[in-house]
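**Q**
In the working numbering, the protein residues as written are 2 to 170.
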């Protein structure tokens, strides 16, 4: 129990580390801001890539979106202003990842919680199997006798051996 509890606490601590968000710098460089925004927004042309990494050279969505982001940055807009503008126009589907708030936290935490639960389950099953093996060895070493063999089973086993011997010959 001690090890599984320690593992669960460790897994929760690691998962909690992912939820600590560092604040954005006060004055972000225009290129850094463009990279951050274009990485956090999806291209809606169907390529399943971000606006920054859209592989289409003549994409009808990413190229105008990049230009719009650059215009907004030149106009003094912040990261939050730009992202909320795109969300207002296209909806939450434009995000490349759900925000770390509200019910979305379940999606971020669930893999770690499931991994911790699976570790606890595997540990308890392994301990149970180990105890069964120890008790079986103790019974065997203490001179416990095996149950007598079933006579019908012994007759069938003998018949099978004879048929296999005749088959080989």
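Think of the CB as a built atom: it goes at the ideal place given N, C-alpha and C, for glycine as much as any other residue.
Mind listing, in chain order, the continuous beta strand (DSSP E) runs of no fewer than 3 residues lying wholly within the segment 87-155?
**A** none
**Q** Report back the beta-carbon spacing between residue 38 and residue 84 to the nearest angstrom; my notes put them in contact at under 8 Å.
**A** 6 Å
**Q** Taking three-plus beta-carbon pairs below 8 Å as touching, is the segment 88-100 in contact with the segment 30-44?
**A** yes
**Q** Less than 9 Å between the beta carbons of residue 118 and residue 87, yes or no?
**A** No, they are not a contact pair.
**Q** By the 10 Å Cβ neighbour count, where 16 or more other Cβ atoms means buried, how is residue 126 classified, buried or exposed?
**A** exposed
**Q** Express the C-alpha separation of residue 128 and residue 138 in angstroms, rounding to a whole number.
**A** 15 Å
**Q** Looking at residue 75: is its Cβ nearer than 9 Å to the Cβ of residue 112?
**A** no
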